Amino acid sequence: MAHTFFGGVFPATRKSNTRRKPLSKLTRPPLEVVIPLLMSADGPSVPVVRPGEMVSVRQVIAQPGADGGAMAHASVSGRVAAIENRPHPWGGSSLAIVIRSDGQNNPWSGSPTPKEPKDVDLELLVSRTRAAGIVGMGGGAFPAWEKVSQAAGRVDTLIVNAAECEPYVTADHRLLLERSEKILRGASTLGRCLGAQRVVIVTEGDKLNAAESVERRLRRHRSSAQLCTVRTRYPLGAEKQIIQTATGREVPPGGSPLDVKCVVFNVATVYAIQDALFFGHPLTHRAVTVTGGAVTRPRNLWVPIGTPLGHLLEEAGGLREEADLMLTGGPMMGIPLQSLDAPVTKDTNSLVCLTRGEHKPQGNGAVCIRCGKCVAACPMHLAPTFIRRALDEGDMARLARYHVEDCISCGCCSFICPAQIPLVETVARARTALEKGVGPR
Amino acid sequence: MKRYSPARLSPQLRQPATTSAMILDVMVALVPALGFAVFFFGTRALALCAISMAASALFELLYRKLTRQSNTIGDLSACLTGLLLALSLPASSPYWVPVFGSAFAIIVVKQFYGGLGKNFMNPALAGRMLAATLPTLMTTWPQPLQKLSLGAVDAVAAATPMASLHEGTLPAQGLDLMFLGTRGGCMGEVSAFALLLGLAYLLLRRVISFRVPGAYLGTVALIALAFAPQGVSRPQWAAYQLMGGGLLLGAVFFATDPATTPVTPRGQLMFGAGCGLLTALLRAFSSYPEGVGWAILTMNCLVWLLDRVGLPRRFGIGNFAATREAFAGMRASLAEIKFVIPKRQRKPDRPKQGKMPGEAYLDQIRAHLKTFGPFALVLAATCAVIFGVHALTDLDTARAETQAEQELLTQVMPQADHASETPYRANGAISITAGYTDQGDLVGYCVEVQNNGFGGPVTMVVGVDLDGKVTGVAVTSHSETNTVGTRAMTPAALKRYVGRSGTIRASGDNAVDTVSGATATSRAITAGVNRALAIVANLDTEIDISFSDAP
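Top to bottom, those sequences are chains A and B.
Reminder that position 23 of the first sequence reads as 23 in our numbering, one-by-one numbering, no gaps.
Reminder that position 491 of the second sequence reads as 932 in our numbering, one-by-one numbering, no gaps.
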C-alpha cells in the first residue's frame with residue numbers, strides 16, 4: 001500500500017498505560033444510569049417511557065423525534081427515576097432518562113432475533129442498524145443507518161477505521177484485539193451489503209498485536225478483507241486522511257467520502273452493527289478507556305451507556321493527583337469535561353485526566369518565526385500561518401484564496417507551533433469572518 | 442439539517458519545543474563546529490565567539506530598551522546570531538569585527554524590520570558579508586593547527602581550497618583532510634564532519650527539515666558532477682565542491698533560518714535549489730572563489746515570491762484544477778506587486794490655534810526628538826561599543842605604535858634599551874622621556890621639541906645623555922619640501938649633532954654647518970637641539986647634568 005497522507009504530527013502516544021489491560025466489566029455496576037436524549041448528531045430523540053416505569057436491559061426507551069435522533073435503549077434494568085436535565089459530556093446539559101438500577105439486568109423480551117451472516121441483506125442491515133440506535137462511535141455520532149443507506153451501491157471500498165490516532169486512548173485497540181473475529185464478520189457482511197469490492201481495516205503500528213490477531217483470522221477464513229497497518233501518525237483516523245491512506249483518493253473540497261466511492265466506519269461502530277445483526281443486541285454497551293497521568297489505575301472498561309463518568313473514575317481507583325484537565329475523546333480533539341456527572345454516551349471512547357505536567361494549556365502565542373511547521377503538518381494542505389497573517393491584516397481577498405473552509409480542526413498546527421500560537425482557533429475565526437464576509441474588527 | 446456537535450478544543454497536548462528551545466537546539470548543533478574551531482585555531486576562536494554573542498545580546502538589549510519595546514533576550518535568537526556570525530569569520534579577525542558585524546546584523550537587519558521573525562534577510566549572514574567587505578579580512582586565512590594566541594595575531598595566510606577550485610584544479614589537501622577540517626577557512630566552516638554532526642542533530646530533533654539543505658547540497662552536487670573541468674574526476678570534483686568553502690555551514694545553518702526561508706515545503710525546495718544554482722554560478726563565474734553568502738542573501742530577498750508560488754495544492758482537487766489554481770494564484774501574486782509612490786505633503790503643518798506662534802513648532806521638534814531620539818541613542822551607543830572594543834582590543838595598532846617608539850629610541854639614544862615616561866615638564870618641550878639600559882640605569886633624556894622650519898613646524902626628538910651630550914636626533918614630522926628641506930634630515934646630517942653639548946652655533950667653535958639649500962631647516966633643527974640641551978640641563982633632577990657653553 002504505497003499511499004500516504006501529507007503532513008501530520010507525532011504526539012507522544014502514551015498508550016502503554018492501558019494497551020495491555022483487557023476490556024473488563026465494571027466490578028460495581030452503576031446504581032443509576034443517565035441516558036441523554038441527545039446522542040446523535042442530527043438531533044435529540046423522544047422518550048417513550050415515563051418516570052416510574054420499570055424497564056429491562058435493551059428495552060427501547062426513546063425513539064427518533066420529528067427532527068432526527070436515534071433509538072435509545074436501557075442499558076440496565078430498573079425503574080425510570082426521572083426525565084430531567086443532566087450534564088452532557090458535549091458541554092452544557094440536556095434532557096436525559098435516569099434509570100435507577102435494580103441490579104438484576106433482566107433482558108428485554110422484545111429484542112429482534114439473531115440472524116446468520118448469509119441471511120443479511122441491505123434492507124435488514126438498515127432497519128437493524130436503525131433499530132439498534134447505532135451512531136458513529138468514533139466521535140462524530142452521525143447516524144450509522146443514514147450512512148449505510150446513502151452508501152449502498154455507491155461505494156467500492158469499505159474502510160474500517162481502527163486507527164485510533166488520538167494519544168492515550170486504547171478502547172478501539174482492545175476491541176479490535178479481543179473481538180477481531182466478530183469485527184471481521186461484521187465488516188465483510190457490511191461490505192457485501194454495501195456492494196463494496198474491497199474491505200480495508202486500517203490500523204496503526206502501535207497496535208501490532210491487534211493487527212496480528214486480525215491477520216491470523218483473515219488467513220484462516222481466506223477472507224477477501226485487507227489489513228492495512230501504517231506508521232502511527234496523527235490524524236490518520238480523520239475520515240479524509242484514512243481514505244487517502246487506504247486508497248490514495250482525495251475527498252474533494254466540500255464533498256463526502258461517497259464522492260470518491262468510499263465509506264468509513266469506526267471499528268466500534270462495525271462491532272455494534274454486527275452485534276445488532278447476529279445477536280439482536282441494540283447498542284447498550286461500549287468500550288471506554290479511563291486513562292491519563294492523574295488516574296490511579298488506568299484501564300479499559302466495557303460499560304453500559306449512561307454510566308456517569310465519575311463512576312468510571314472510581315472504578316479506575318480514582319485520581320492519585322489533582323487533574324488539571326479532564327476530557328472525553330482524547331487529548332487532541334477531545335471535549336473538555338465540565339462535570340463528572342456527565343454520562344458515557346454512544347460516542348464517548350475515553351475519559352482522559354491530564355495532570356498539570358502532561359497538559360500543556362494553550363499559550364497566548366509568541367511571535368511567529370515563520371518556521372513553516374504548521375504548513376508542513378497540515379494534512380489538509382492549508383497554510384495556517386498565512387491564514388493568521390491575512391486575518392490579522394484584515395485582508396479578506398487574500399484570506400479567500402487560502403481555502404480556510406477545508407480545515408478539519410485536527411489541531412496539528414496548534415500542536416506543532418513552537419511559538420504556541422492558537423492556530424486552530426485562528427483558522428476557525430477566519431472561517432467565521434469569511435462566512436460573514438467582514439473583517440475581524 | 443441542524444447538526445449537533447460538541448464544542449471542541451484545540452489540542453491539549455503540545456510538542457515540547459518552544460521557539461527558544463529550537464534556537465537553543467541550533468546552538469547545540471553548532472557546538473561540534475565550535476569545538477573543531479577551537480581545536481584548529483586555539484582559544485582565540487572561543488574568545489571571538491564569546492565577544493560576538495555578548496555584543497549581539499547587548500545590541501538587542503540596547504535597542505529594545507532604548508526604543509521602549511519588550512525585552513527579547515530570552516528567546517536566545519540574538520545569541521545565535523552572534524555565534525553564527527563569529528563562526529563565519531576567520532579566526533584571525535580582530536575582535537572589533539564581530540562587534541561591528543553584530544551591530545549591523547541586530548540593529549539594521551533584524552530590529553529595524555521589527556525583530557525576530559520579521560526580518561527578510563539572515564542577520565548573521567548580512568553582518569558577516571558586510572564585515573567581508575573590510576579590506577584584507579577575508580583574504581588572509583590562518584593556518585589550521587597553528588594555535589593563535591588570544592592577543593596579537595600573525596596570521597600566516599593559508600591558501601584555501603576554494604582558491605584552487607576557483608582556478609579549476611583540485612586543492613592540495615586530500616578529501617580526508619577536507620572532511621576533518623585541516624584547511625584554511627572561516628572558523629566554523631573548515632570541518633565538514635562537525636557540520637554534518639550538527640545537521641544530523643537538527644534533523645533528529647526535527648528543528649529543521651531536510652528540504653532546504655537537501656535541495657541546496659543536491660543542486661550543487663549535480664551541477665558539479667555535470668560541469669567538472671577537463672581532466673578532473675567528476676565525483677572528486679563534486680566532493681570538493683560540497684566540502685569546500687562555506688557550503689555546508691551555509692546549507693545547514695544559514696539557509697535554514699526559519700525567518701528568512703519560505704514557509705511552504707515546496708517553497709523550501711525551490712529556495713534550496715535556487716541557492717545551489719546561484720552558489721555554483723558565483724563560484725564558477727564571479728571573481729571571488731566563494732559564493733555561498735551572496736547566494737543565500739539573494740535568495741532571502743526572493744522568499745516572498747517563493748512563499749506564494751510554493752503554496753500547497755488544495756486537498757482533493759485534481760491535477761488540472763490544481764494547475765489552474767496555481768496560475769490564478771501567480772496572477773494574484775503579481776498583481777500584489779505595486780510601485781508605491783509616496784504622497785507628497787503639500788502644505789506644511791499649520792500651528793494649532795491658541796498657542797504662541799513658535800510654540801507649536803517647538804512641539805513638533807519635541808515630537809520628532811521623541812521619535813528619533815531613541816534611534817540617535819542607539820546609534821551613539823553602538824558606535825561607542827564598536828570603537829570601544831576597537832580601542833581596547835586592536836592590538837595590531839598598539840603593537841605598531843610600540844615598535845615605532847622603539848625604533849625612535851634606537852635612533853635617538855642607541856645606548857638605551859627602553860624608554861619610560863617622566864613627570865618632567867618644561868617650556869618648549871612637547872614630552873620628555875627617560876631612556877634606560879637593560880640593567881635599568883638611566884642613560885639620558887629624550888626631549889621632543891618643535892621648531893619652525895621652512896615650510897612649517899619641524900618636530901624632532903633629541904636624545905641627551907647625563908653628560909649633557911647629544912646622543913642622537915630624529916625628525917618625527919615635518920612639512921618641509923621634499924628632496925630640498927629633507928637634505929638636512931638625512932641620517933648623515935643628523936649624525937653631526939651626536940656628541941655635541943652646550944650651545945651649537947652656525948659657525949665658529951662648536952658649530953654644525955647648515956646644509957646648503959636647506960638653511961632654514963638646518964637652522965630649525967639646530968635650534969631644536971639647542972633647546973633640548975638647555976631643557977635637559979635645567980631639569981630639576983637629582984643628578985647634575987653638565988652644560989658647558991663654549992669652551
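Ideal Cβ positions, reconstructed from N, Cα and C, are used throughout, including at glycine.
Quick caveat: nothing in here was measured; it's all calculated off a predicted structure.
Determine the closest residue to B/F813 out of B/L487, B/V540, B/T508 and B/M463, with distance taken between C-alpha atoms. B/T508
Identify every residue that forms a DSSP beta bridge with A/G78. BP columns for A/G78 point to A/V55 and A/S101.
In DSSP terms, what B/T460 is bridged to: DSSP, once it has assigned bridges, lists no residue as partnering B/T460.
With a 10 Å radius around its C-beta and 16 neighbouring C-beta atoms as the bar for buried, classify B/L503 as buried or exposed. buried
With a CB to CB cut of under 6 Å and the five nearest residues on each side skipped, what residues in its chain are close to A/W145? V126, T129 and R130
Cβ of A/Y271 within 9 Å of any chain B Cβ: no
With a cut-off of 8 Å, do at least 3 Cβ pairs link the region 104 to 111 of chain A to the region 159 to 178 of chain A? No, the region 104 to 111 of chain A is not in contact with the region 159 to 178 of chain A.
Mind listing the chain A neighbours of B/I754? Cutoff is C-beta to C-beta under 8 Å, in chain order. Note on identity: in this sequence residue 754 of chain B is Arg, with Ile being the wrong assignment. For the C-beta of B/R754, the chain A residues within less than 8 Å are, from N- to C-terminus, H381.
Return the residue from the list B/R866, B/V890, B/N892 and B/M854 that minimises the CA-CA distance to B/L883. B/M854
For B/Q453, decide whether its Cβ has a neighbour in chain A, counting only Cβ atoms nearer than 9 Å. Yes, because at least one Cβ of chain A sits closer than 9 Å to the Cβ of B/Q453.
Going along the region 347 to 369 of chain A in order, which residues come within less than 8 Å of chain B, judged by CB to CB distance? L354, E358, H359, K360, P361, Q362, A366, V367, C368 and I369
Roughly how many angstroms lie between the CA atoms of B/V479 and B/A532, to the nearest whole one? 9 Å
Label B/A939 either buried or exposed according to how many other C-beta atoms from any shown protein chain fall within 10 Å of its C-beta, with 16 as the threshold for buried. Correcting the residue identity first, residue 939 of chain B is Val in this sequence and not Ala. It is exposed - the Cβ of B/V939 has fewer than 16 other Cβ atoms within 10 Å.
Which of helix, strand or coil does DSSP assign to A/I61? strand
Output, in chain order, the set of chain B residues within a Cβ distance shorter than 8 Å of A/V375. V704, T705, P706 and P753
Along chain A, in chain order, which residues have C-beta atoms closer than 9 Å to that of B/S650? G372, K373 and A376
Per the DSSP calculation, A/C353 is bridged to which residue(s)? Note: A/C353 sits in a beta bridge opposite A/M326.
Those runs of the alpha helix (DSSP H) which lie wholly inside the region 166 to 219 of chain A and span at least 4 residues: 171 to 178 and 180 to 194
Taking only beta-carbon positions, decide if B/T460 is within less than 9 Å of chain A. yes
Classify A/E116 as helix, strand or coil using the three-state DSSP reduction. Looking at A/E116 - three-state DSSP - the assignment turns out to be coil, as it is neither helix nor strand.
What's the gap between the Cα of A/V375 and the Cα of B/G751? Rounded to the nearest whole angstrom, the C-alpha separation of A/V375 and B/G751 is 11 Å.
Inter-residue Cα distance where the pair is B/K443 and A/D42: Interpretation of B/K443 is limited by its pLDDT of 49, a score under 50 that renders its predicted location unreliable; the figure taken from the coordinates is listed afterwards. Those two C-alpha atoms are separated by around 6 Å.
Would you mind sorting A/G439 into buried or exposed? The rule is 16 or more other CB atoms within 10 Å of its CB. No answer about A/G439 holds up, because its pLDDT of 49 lies below 50 and its placement is not dependable.
For a test of the three-state rule: what should DSSP assign to B/M562, helix, strand or coil? Residue state, collapsed to three classes: coil.
Judging by CA-CA distance, which residue of B/V472, B/A857 and B/L644 is the nearest neighbour of B/G881? B/A857
Hey, how far is the Cα of A/L258 from the Cα of A/D156? 9 Å
So what's B/V905 in DSSP terms, helix, strand or just coil? strand
Can you pull out the residues from the region 387 to 409 of chain A whose beta carbon lies closer than 7 Å to at least one beta carbon of chain B? R401, H403, D406 and S409
Please report the distance separating the alpha-carbon of B/L499 from that of B/P585. 31 Å
Establish whether the CB of B/K559 and some CB of chain A are separated by less than 9 Å. By this cut-off, B/K559 is an interface position.
Distance CB(A/I134)-CB(A/A187) smaller than 9 Å: no
According to the Cβ coordinates, are A/G8 and A/T113 closer than 9 Å? no
Taking 9 Å as the CB-CB limit, is A/T229 close to chain B? Taking CB atoms only, A/T229 has no neighbour in chain B less than 9 Å away.
Using beta carbons (cut-off 9 Å, strictly below), is A/V424 in contact with chain B? When Cβ-Cβ separations below 9 Å define contact, A/V424 makes contact with chain B.
Sort out for me which residues DSSP pairs A/E32 with in a bridge. A/R100
So, for B/R724: in the same chain, excluding its five sequence neighbours on each side, which residues have a beta-carbon less than 6 Å away from its beta-carbon? G732
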